[in-house]
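In our numbering, the protein residues as written are 386 to 716.
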């Protein structure tokens with residue numbers, strides 16, 4: 386249905402950001418910076434939201450060494466694009482900065498450890514969680530506590546502030562409800578969930594609308610109407626990273642999040658992923674094995690893509706910025 390399918394689908398989120406709307410591009414740069422400081426990822430691991438900022442109540446409950454199950458170690462390392470031996474090393478004293486690399490050092494720096502910026506990664510078992518302390522977000526720590534690489538903490542889950550975990554589950558439920566509202570209105574051309582014109586494209590062939598439905602974890606949401614085909618696409622951009630490998634983790638977990646949806650309108654099936662360099666597209670198509678699907682939904686697509694935009698470093702140099710996009714449209 387959309388002529389933006391393929392090349393133009395990327396146009397709507399990259400060229401559109403960087404050329405057609407310079408004011409909004411600056412706003413997006415600001416949003417990117419805020420998003421990077423707020424959290425690294427935004428997807429679901431078990432019942433908790435991956436990348437949720439976490440507060441540790443008692444650093445005495447971290448494991449200075451942890452007996453990794455080899456299968457678990459390899460699975461998690463592969464999921465996050467790191468070597469299994471690096472995961473194990475950087476989750477123990479041997480890979481931590483000297484200021485926390487021994488029991489005595491941690492005792493001396495106990496108060497300063499509260500200043501670490503941490504994110505939830507994974508439950509290793511029912512009682513033990515894996516947290517991430519990214520190098521990029523902890524550059525202001527004292528020199529002997531500053532990570533030279535991303536480091537990890539294995540910790541008893543009861544030592545993590547409970548509200549962080551509760552908020553994660555609420556966000557997961559919110560995402561499912563929001564996707565339900567979006568897909569339910571797909572058959573009406575999203576007419577019930579659009580909310581006012583944001584801007585018309587330069588050539589007047591596309592109109593961007595706001596939305597009455599939020600999207601948990603997204604930092605930009607709009608509806609794109611293609612006037613040539615009289616069709617509308619839902620678009621949600623999520624925080625990414627200048628490192629495509631880290632942005633890929635975000636994208637992959639959002640794919641899992643979509644894959645776990647149970648929609649009342651229809652069953653979705655995961656199709657073949659399309660990979661071009663660092664860019665990726667993962668479409669989900671409606672499944673109708675018994676021919677009972679409502680006609681309005683036969684061509685509905687939910688698609689995750691990893692796309693390239695631009696941001697600035699501390700010196701004002703332009704950097705590539707990779708970010709996931711969720712789209713709902715008719716093929």
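Idealized CB from N, CA, C, for every residue including glycine.
(request) Kindly confirm or deny that the segment 675 to 694 and the segment 587 to 604 touch, where touching means at least three C-beta pairs closer than 8 Å. (result) No, because fewer than three Cβ pairs between the segment 675 to 694 and the segment 587 to 604 fall closer than 8 Å, the two stretches do not touch.
(request) Going by DSSP, name the residue or residues bridged to residue 591. (result) 611
(message) For a minimum of 3 consecutive residues, which ranges assigned as the beta strand (DSSP E) are wholly contained in the segment 596 to 668?
(response) Runs found: 605 to 611, 616 to 622, 652 to 655, 659 to 661.
(message) For residue 633, which residues in the same chain have their Cβ closer than 7 Å to its Cβ, ignoring the five residues on either side in sequence?
(response) 466, 691
(request) Report yes if the C-beta distance between residue 697 and residue 686 is below 8 Å; otherwise report no. (result) Not in contact: residue 697 and residue 686 (Cβ atoms no closer than 8 Å).
(message) Could you compute how far the alpha carbon of residue 529 sits from the alpha carbon of residue 510?
(response) Roughly 31 Å separates the two Cα atoms.
(request) List the residues that DSSP assigns as beta-bridge partners of residue 693. (result) DSSP output for residue 693 lists 707 as bridge partner(s).
(message) Within a Cβ cutoff of 6 Å, which residues of the same chain sit near residue 444, ignoring the five residues on either side of it in sequence?
(response) 498
(message) Going by C-alpha to C-alpha distance, which of 537, 713, 716 sits closest to residue 470?
(response) 537
(request) Can you tell me which of 521, 540, 631 puts its alpha carbon nearest to the alpha carbon of residue 512? (result) 540
(request) For residue 622, I'd like the list of residues in its chain whose CB is within less than 7 Å of its CB, leaving aside the five on either flank, ordered along the chain. (result) 398, 603, 604, 605, 708, 710
(request) Within 10 angstroms of the Cβ of residue 543, are there 16 or more other Cβ atoms? Answer buried if so, exposed if not. (result) That one is exposed.
(message) Tell me which residue opens and which closes the alpha helix (DSSP H) that residue 517 is part of.
(response) It is not in any alpha helix (DSSP H) - residue 517 instead sits in the beta strand (DSSP E) that spans 513 to 518.
(request) Quick one: residues in its chain with C-beta nearer than 6 Å to the C-beta of residue 652, no 5 flanking neighbours on either side, listed in chain order? (result) 672
(request) Tell me, please, which residues DSSP counts as bridged to residue 713. (result) Residue 713 is bridged to 619, 687.
(request) Using the DSSP secondary-structure output, state which residues sit across from residue 439 in a beta bridge. (result) 503
(request) State the start and end residues of the unbroken beta strand (DSSP E) segment that holds residue 461. (result) No beta strand (DSSP E) holds residue 461; the alpha helix (DSSP H) holding it covers 455 to 464.
(request) Please name the residue, chosen from 478, 506, 459, 455, that lies closest to residue 447 on a Cα-to-Cα basis. (result) 478
(message) With distance defined between alpha-carbon atoms, name the residue in 637, 694, 573, 495 nearest to residue 715.
(response) Each of 637, 694, 573, 495 was checked against the Cα of residue 715, and the nearest Cα belongs to 573.
(request) Would you identify the three-state DSSP class for residue 542, choosing helix, strand or coil? (result) helix
(request) Specify, as a first and last residue, the run of the beta strand (DSSP E) that residue 583 falls within. (result) 579 to 585
(request) Express the C-alpha separation of residue 624 and residue 410 in angstroms, rounding to a whole number. (result) Summary for residue 410: the model assigns pLDDT 41, below 50, so the residue's position carries little reliability; its value from the coordinates is reported in the next sentence. Those two C-alpha atoms are separated by around 14 Å.
(request) Using the Cα positions of residue 655 and residue 684, report the straight-line distance between them to the nearest angstrom. (result) 14 Å
(message) Whole angstroms are fine: how far does the CA of residue 608 sit from the CA of residue 575?
(response) 8 Å
(request) Using beta-carbon positions only, say whether residue 712 and residue 681 come within less than 8 Å of one another. (result) no
(message) Per the DSSP calculation, residue 508 is bridged to which residue(s)?
(response) 514.
(request) Would you kindly report the start and end of the unbroken alpha helix (DSSP H) that includes residue 490? (result) 488 to 493
(request) Return yes when the Cβ of residue 561 is within less than 8 Å of the Cβ of residue 646, no when it is not. (result) yes
(message) Is the separation between the beta-carbon of residue 505 and that of residue 514 shorter than 8 Å?
(response) yes
(message) Please state the DSSP three-state secondary structure of residue 450.
(response) The answer is coil: DSSP assigns residue 450 none of H, G, I, E or B.
(message) Rounded to the nearest angstrom, what separates residue 630 and residue 458 at their Cα positions?
(response) 18 Å
(message) By the three-class DSSP mapping on this structure, what secondary structure does residue 467 have?
(response) coil
(request) Give a yes or no on whether the C-beta atoms belonging to residue 502 and residue 523 are separated by under 8 Å. (result) yes
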